[in-house]
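J.: These protein sequence lines map, in sequence, to chains A and B.
The first sequence: position 371 = 371 (the UniProt record's numbering), numbered continuously.
The second sequence: position 161 = 161 (the UniProt record's numbering), numbered continuously.
Ideal Cβ positions, reconstructed from N, Cα and C, are used throughout, including at glycine.
Values in this document were obtained by computation on a predicted structure and should not be read as measured data.
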Amino acid sequence: MATVCKKKNFSLKVLSRNPDNYKRETKLDIHRAPQNPEAYLHPFALDREYQRALNATKLERVFAKPFLCGLEGHKDSIEVLAKFPTRLAHILSAASDGEIRLWDLSTKKCVSSVVAHHGLVHGLCSHRTGQYFISCGQDANIKFWGCSEEGQISPDPLKTLLTKQVYQCVDHHEKEDIFVTCGQSLDVWIGDRSQPLQSYKWGLDSMHYVRFNRIETHLVAAAADDRSIMLYDTRGSSAVQKLIMKMKTNAISWNPMQAFVFTAACDDYNLYTYDVRNLRMATNKHEDHIAAVMDVDYAPTGKEFVTAGYDKCVRIFNAVEGHSRDIYTTKRMQRVNHVLWSMDNKYILSGSDEMSIRLWKAKASEKLGVMKPREKTAFNTTEVLKKTFKDYPEIRRISRHRHVPKMIYHHKQEMRDIKESQKRKESNRRFHSKPGAVPFQPERKKQVVEVKD
Amino acid sequence: MELSKKNEGQEKQKINYFFPKEPDKRGGAKFSFSRRPNENVTEKPVPEERMKKWRKGDKAKGFAKTYFHTNKIRAREEIFEKVAEKSARSELLCVEETGGLEGDKTYEITQNDIKESSDEATQQKIFDLRLDKFGPYRLDYTRNGRHLLIGGAKGHVAAFDWQTKRLHCEINVMETVSDVKWLHQETMFAVAQKKWVYIYDNQGIEIHCLKHLDMALRLEFLPYHFLLCSSSAKGYLSYLDVSIGKEVAGICTKQGRLDVMAVNPQSAIVHLGHPTGVVSLWTPNMKEPAAKVLCHASALRDVAVDASGIYMATTGMDRRLKIFDLRMYKELSRFQYIRRHCPGLLDFSQKGILAVSRDNVVEISLPRSHKPDKPYIYHRADRLVADLMFCPYEDVLGIGHGWGFSSIVVPGAGEPNYDAMEANPFQSRSQRKQTEVHMLLDKVRPEMITLDGQIGQVDVKTAQEAAEERLKKKYLKPDKVDFTPKNKMKGASSASKIVQRKKGVQEQHLRAAVREIVRTKQVEGKLNTRNKNRKDLEPSALDRLKKKSV
Numbered sequence: 001m002a003t004v005c006k007k008k009n010f011s012l013k014v015l016s017r018n019p020d021n022y023k024r025e026t027k028l029d030i031h032r033a034p035q036n037p038e039a040y041l042h043p044f045a046l047d048r049e050y051q052r053a054l055n056a057t058k059l060e061r062v063f064a065k066p067f068l069c070g071l072e073g074h075k076d077s078i079e080v081l082a083k084f085p086t087r088l089a090h091i092l093s094a095a096s097d098g099e100i101r102l103w104d105l106s107t108k109k110c111v112s113s114v115v116a117h118h119g120l121v122h123g124l125c126s127h128r129t130g131q132y133f134i135s136c137g138q139d140a141n142i143k144f145w146g147c148s149e150e151g152q153i154s155p156d157p158l159k160t161l162l163t164k165q166v167y168q169c170v171d172h173h174e175k176e177d178i179f180v181t182c183g184q185s186l187d188v189w190i191g192d193r194s195q196p197l198q199s200y201k202w203g204l205d206s207m208h209y210v211r212f213n214r215i216e217t218h219l220v221a222a223a224a225d226d227r228s229i230m231l232y233d234t235r236g237s238s239a240v241q242k243l244i245m246k247m248k249t250n251a252i253s254w255n256p257m258q259a260f261v262f263t264a265a266c267d268d269y270n271l272y273t274y275d276v277r278n279l280r281m282a283t284n285k286h287e288d289h290i291a292a293v294m295d296v297d298y299a300p301t302g303k304e305f306v307t308a309g310y311d312k313c314v315r316i317f318n319a320v321e322g323h324s325r326d327i328y329t330t331k332r333m334q335r336v337n338h339v340l341w342s343m344d345n346k347y348i349l350s351g352s353d354e355m356s357i358r359l360w361k362a363k364a365s366e367k368l369g370v371m372k373p374r375e376k377t378a379f380n381t382t383e384v385l386k387k388t389f390k391d392y393p394e395i396r397r398i399s400r401h402r403h404v405p406k407m408i409y410h411h412k413q414e415m416r417d418i419k420e421s422q423k424r425k426e427s428n429r430r431f432h433s434k435p436g437a438v439p440f441q442p443e444r445k446k447q448v449v450e451v452k453d
Numbered sequence: 001m002e003l004s005k006k007n008e009g010q011e012k013q014k015i016n017y018f019f020p021k022e023p024d025k026r027g028g029a030k031f032s033f034s035r036r037p038n039e040n041v042t043e044k045p046v047p048e049e050r051m052k053k054w055r056k057g058d059k060a061k062g063f064a065k066t067y068f069h070t071n072k073i074r075a076r077e078e079i080f081e082k083v084a085e086k087s088a089r090s091e092l093l094c095v096e097e098t099g100g101l102e103g104d105k106t107y108e109i110t111q112n113d114i115k116e117s118s119d120e121a122t123q124q125k126i127f128d129l130r131l132d133k134f135g136p137y138r139l140d141y142t143r144n145g146r147h148l149l150i151g152g153a154k155g156h157v158a159a160f161d162w163q164t165k166r167l168h169c170e171i172n173v174m175e176t177v178s179d180v181k182w183l184h185q186e187t188m189f190a191v192a193q194k195k196w197v198y199i200y201d202n203q204g205i206e207i208h209c210l211k212h213l214d215m216a217l218r219l220e221f222l223p224y225h226f227l228l229c230s231s232s233a234k235g236y237l238s239y240l241d242v243s244i245g246k247e248v249a250g251i252c253t254k255q256g257r258l259d260v261m262a263v264n265p266q267s268a269i270v271h272l273g274h275p276t277g278v279v280s281l282w283t284p285n286m287k288e289p290a291a292k293v294l295c296h297a298s299a300l301r302d303v304a305v306d307a308s309g310i311y312m313a314t315t316g317m318d319r320r321l322k323i324f325d326l327r328m329y330k331e332l333s334r335f336q337y338i339r340r341h342c343p344g345l346l347d348f349s350q351k352g353i354l355a356v357s358r359d360n361v362v363e364i365s366l367p368r369s370h371k372p373d374k375p376y377i378y379h380r381a382d383r384l385v386a387d388l389m390f391c392p393y394e395d396v397l398g399i400g401h402g403w404g405f406s407s408i409v410v411p412g413a414g415e416p417n418y419d420a421m422e423a424n425p426f427q428s429r430s431q432r433k434q435t436e437v438h439m440l441l442d443k444v445r446p447e448m449i450t451l452d453g454q455i456g457q458v459d460v461k462t463a464q465e466a467a468e469e470r471l472k473k474k475y476l477k478p479d480k481v482d483f484t485p486k487n488k489m490k491g492a493s494s495a496s497k498i499v500q501r502k503k504g505v506q507e508q509h510l511r512a513a514v515r516e517i518v519r520t521k522q523v524e525g526k527l528n529t530r531n532k533n534r535k536d537l538e539p540s541a542l543d544r545l546k547k548k549s550v
């Protein structure tokens with residue numbers, strides 16, 4: 001409003017708001033909300049955001065209820081878990097009594113089951129199309145099982161291969177009709193042949209775990225009983241590399257997004273992430289378990305992985321961090337032998353000694369189900385806030401706190417003491433010896449004994 | 001050739017963002033909302049001068065310890081830059097303009113002149129309430145500037161929407177009223193009465209009697225902390241959390257009667273004025289003042305802090321008006337009034353306009369251009385002025401005086417563009433309820449009121465202590481910590497200060513090195529004495545296997 005008064009010669013402009021410009025026109029409209037980013041109109045903006053982040057962190061802990069359900073039905077301890085690369089809801093599991101079950105996660109029920117082998121089932125893997133899966137067992141058979149779209153397993157195997165040796169693990173190629181089995185040797189099978197196309201052997205010991213790389217699809221990593229991890233190329237005639245560590249490796253998982261990265265679950269309570277281009281030093285050491293790590297599986301995003309511990313817990317690690325971001329336990333869960341991260345990045349499955357498969361949420365406090373856009377935005381906002389203020393002492397304390405079983409809590413402290421005393425001893429030794437005689441050795445290098453080409 | 005033909009064909013076509021697709025046989029969408037492929041939309045960059053206003057600090061220089069972290073910081077800075085750019089671009093959406101009054105002698109322009117030459121809505125804002133029985137009056141506007149609360153010293157309290165002139169309630173509390181204050185919204189207000197502070201709702205029903213706060217003379221409310229502060233005749237400063245009804249802090253200031261109080265809206269620090277001419281700054285977390293500023297050589301009349309929290313104005317019995325910079329606690333300017341005139345009450349508007357009362361006169365001056373003899377606007381009230389307050393988001397100054405209340409128009413006083421997320425003059429009832437819930441959820445804890453905001457700062461002190469702790473542990477590889485002094489705010493990074501800070505760090509390293517040497521020597525000494533003791537025995541061939549000191 002600007003006017004000019006002639007009498008006293010002044011021009012006047014007064015703030016005069018027309019309410020019509022600020023109110024909504026009809027009841028069906030949304031309210032008008034003009035904004036002004038001027039700093040002085042937003043006092044304590046940072047303090048309020050901090051408060052919001054704090055509240056969000058607290059709520060996250062309040063809603064952290066990861067356990068969804070137990071999948072009951074097996075009559076013996078779980079031997080293997082396997083997922084279908086192209087089906088979200090279906091999961092395969094095999095038990096020590098030779099039974100294979102197919103579970104539907106959306107209904108949380110067993111769809112079909114079949115007694116596949118006499119004695120233990122050692123290995124289980126599915127074909128990329130999901131039309132059939134392969135199992136190998138104590139009875140020295142490799143069996144192919146048909147699997148319908150609805151999850152019905154064919155009552156009889158499509159094909160049975162009688163082998164001379166008992167295979168410990170089986171894995172299928174990502175694209176071609178090739179699969180590998182391992183036992184006394186690493187055998188590559190192709191198409192309809194009843195004899196392996198290729199058989200690799202390096203040293204005397206037997207192998208117990210084998211995995212195909214999902215990107216560099218001909219690369220295979222195998223873990224052997226002589227504490228070694230071997231890399232093979234299925235197109236070549238001999239092994240590529242062999243890494244010998246101080247302790248045995250129980251399981252290996254390739255990073256699905258980075259072709260050259262794999263993580264090994266080791267008997268020395270730790271996991272080691274390696275870059276295949278340089279095996280002399282791990283790129284990361286993941287500690288926190290207080291007993292042997294039995295299994296590891298990457299999330300489909302490649303950013304996180306889940307581990308199964310002999311210490312009766314499941315832990316989730318950020319792939320680039322040295323300590324776990326979360327731990328899942330229940331009172332009744334016994335030694336966990338197998339874990340799986342579902343292909344939709346939302347769920348985790350764990351198979352443990354007491355014949356039960358457990359279904360967990362990958363993010364403990366995540367809300368399941370359909371969300372409205374506003375809700376989704378609110379969650380996104382709180383995520384960003386939590387990330388922004390994550391290093392503030394109060395927020396870090398709350399977000400890191402976990403109520404763990406007594407056994408784990410005390411054992412963890414013990415481990416910490418052991419580690420500290422070892423370090424002290426080493427430093428004393430260094431102090432009392434010639435300079436340079438006791439060198440500093442990186443933690444990521446200590447476990448490597450030898451690398452052979 | 002083909003390519004050029006293709007381009008020609010495209011030019012001839014009409015530009016159409018939403019073009020129909022071939023009708024889908026399966027009944028899918030009939031329109032595709034995608035941009036035409038070859039069309040690039042480039043935004044004009046924001047001029048550097050405008051960006052400068054919105055940037056909140058300098059860019060980080062140099063590199064972090066690792067490449068990874070350097071990149072992380074760079075990525076973060078990119079986001080900050082984007083925020084600044086968006087803020088600069090959103091200036092366009094702030095459509096209302098600040099008011100103004102231009103002419104030769106603006107102080108000669110009366111409210112009547114303004115009334116004659118302004119629109120009807122503005123005319124409505126100039127009004128007087130003749131309430132000569134219960135005065136003098138104290139007043140308070142709500143944070144959105146919509147509602148007004150007045151309280152006469154003899155017990156008359158009234159709350160109303162001053163723009164529509166709709167009365168919420170009018171009561172007589174039958175006691176002396178020394179101050180009135182709205183709480184976080186227009187649903188509740190606090191009245192400091194003769195003995196205790198009472199809280200009423202907007203219908204005038206007494207909800208609470210706060211016996212914690214007795215003999216209160218002044219009330220202030222901190223909306224983001226939900227704290228009601230009162231200063232009492234006995235020298236007590238009390239903080240009461242109105243959301244839980246608990247007294248957060250009760251501080252005995254030992255300064256006598258506290259009848260001068262102001263709040264810094266940016267830091268929630270309470271400024272108390274004392275008869276000694278001292279302004280003391282208080283937080284609820286300390287029993288002692290966080291700072292004291294000697295402002296005047298005589299008793300203080302009033303204190304006011306501006307909306308940006310930078311400037312503080314004080315008036316004293318020595319007939320002076322002073323303006324201070326709160327970042328440095330430095331006097332910026334002072335004005336001496338003539339003998340018969342003594343400046344009294346003060347208030348800053350949102351845009352920094354300062355109103356000063358002396359007796360029944362109110363002088364209003366533009367930011368940082370105070371001239372006692374030639375003010376921006378000069379207004380004479382009916383009686384002695386008892387309270388002054390600018391209405392937020394309006395060009396209006398409310399004056400409480402002996403004969404009631406008058407509202408005058410001061411062009412350019414209020415912020416023209418409000419932020420509906422903070423304060424909304426046009427909010428509906430449901431919006432009000434929603435806001436209340438959000439305010440309670442985001443309530444800032446009273447512990448966070450500090451002289452220098454701690455949340456945004458880097459905690460170098462704790463980091464240094466942790467590093468020192470680490471250095472003590474012999475078995476850890478010594479950490480290299482570089483506490484290079486950063487260029488701080490004005491004044492803090494003079495050459496001598498930098499050297500001082502650097503010296504402090506160097507000294508720590510030196511101390512660590514000395515500690516190392518001492519320890520080595522101790523061990524050496526031990527070995528020597530051990531060997532010496534052995535020397536008493538007969539020398540033997542095995543002596544050469546003895547441990548020698550280095």
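#1: Chain A partners of I114(B), CB-CB under 7 Å?
#2: Taking its Cβ as the centre, do 16 or more other Cβ atoms sit within 10 Å of I79(B), making it buried, or is it exposed?
#3: When we look at the beta-carbon of I269(B) and count the other beta-carbons within 10 Å, is it buried (16 or more) or exposed?
#4: Name the two residues that bound the continuous beta strand (DSSP E) containing M389(B).
#5: Return yes when the Cβ of S135(A) is within less than 8 Å of the Cβ of A94(A), no when it is not.
#6: With DSSP as the reference, please indicate the residues paired to W182(B) in a beta bridge.
#7: Have a look at S11(A), L28(A), K13(A), V451(A) and flag the residue whose alpha-carbon is nearest the alpha-carbon of K246(A).
#8: Looking at C-beta atoms only, is the number of pairs between the segment 329-338 of chain A and the segment 417-433 of chain A that lie closer than 8 Å three or more?
#9: Taking a Cβ distance cut-off of 7 Å, strictly less, list which residues of the segment 35-46 of chain A are near chain B, in chain order.
#10: If I measure Cβ to Cβ from K330(B) and keep anything under 7 Å in the same chain, skipping five residues before and after, which residues do I get?
#11: Less than 8 Å between the C-beta atoms of G404(B) and R138(B), yes or no?
#12: Spatial neighbours of Q447(A) within its chain, please: CB distance less than 6 Å, with the 5 preceding and 5 following residues excluded, ordered by chain position.
#13: Quick one: give me the first and last residue of the alpha helix (DSSP H) that W54(B) is part of.
#14: Is the beta carbon of N270(A) closer than 8 Å to that of K248(A)?
#15: Taking only runs of the alpha helix (DSSP H) that begin and end inside the segment 118-170 of chain B, which ones reach a length of at least 4 residues, in chain order?
#16: Taking the Cβ atom as the reference point for each residue, do I310(B) and R334(B) lie within a distance shorter than 8 Å?
#17: Distance, Cα to Cα, M1(B) vs T42(B)?
#18: DSSP three-state label for N250(A), please.
#19: Which partner residues of I190(A) appear in the DSSP bridge assignment?
#20: Nearest to E77(B) by CA position, among L346(B), K56(B), A541(B), S90(B), is which residue?
#21: Name the DSSP beta bridge partners of C295(B), please?
#22: Output the boundary residues of the beta strand (DSSP E) element that contains N112(B).
#23: Does any residue of chain A have a CB that is nearer than 8 Å to the CB of L3(B)?
#24: How about T106(B) and I353(B): are their beta carbons less than 8 Å apart?
#25: Alpha carbon to alpha carbon, how far is R402(A) from L240(B)? Give it in angstroms, no decimals.
#26: Could you tell me which of L219(A), S11(A), T329(A) sits nearest to Y232(A), measuring between CA atoms?
#27: Which residues, in chain order, does the segment 45-74 of chain A contribute to contact with chain B at a C-beta distance below 7 Å?
#28: Please identify the residue among A541(B), Q350(B), A233(B) whose C-alpha is closest to the C-alpha of A39(A).
#29: So if I threshold CB-CB distances at 9 Å, which residues from the segment 12-27 of chain A count as touching chain B?
T.: Result, derived from the coordinates:
#1: Neighbours of I114(B) in chain A, taken as residues at a C-beta separation under 7 Å, are given in chain order as L12.
#2: So I79(B) ends up on the exposed side.
#3: buried
#4: 385-390
#5: yes
#6: F189(B)
#7: V451(A)
#8: no
#9: Q35, N36, P37, Y40, L41, H42, P43, F44, L46
#10: F324
#11: no
#12: M245, K246
#13: 48-54
#14: The criterion of a C-beta distance shorter than 8 Å is not satisfied by K248(A) and N270(A).
#15: 120-123
#16: no
#17: The predicted model places M1(B) with a pLDDT of 38, which falls under 50 and marks its position as unreliable; any figure quoted below should be read in that light. Rounded to whole angstroms, M1(B) to T42(B) spans 28 Å at the Cα level.
#18: strand
#19: I178(A)
#20: Looking at the Cα atoms, K56(B) is the closest of the given residues.
#21: C295(B) pairs with nothing; no bridge assigned.
#22: Run containing N112(B): none in the beta strand (DSSP E); it sits in the alpha helix (DSSP H), 111-116.
#23: Confidence in L3(B) is poor, its pLDDT being 41 and thus under 50, which makes the residue's placement too unreliable to answer from.
#24: no
#25: 35 Å
#26: L219(A)
#27: Within the segment 45-74 of chain A, the qualifying residues are L46, D47, R48, Y50, Q51, R52, N55.
#28: Q350(B)
#29: Under the 9 Å Cβ criterion, the segment 12-27 of chain A contributes L12, K13, V14, L15, S16, R17, N18, P19, N21, Y22, K23, R24.
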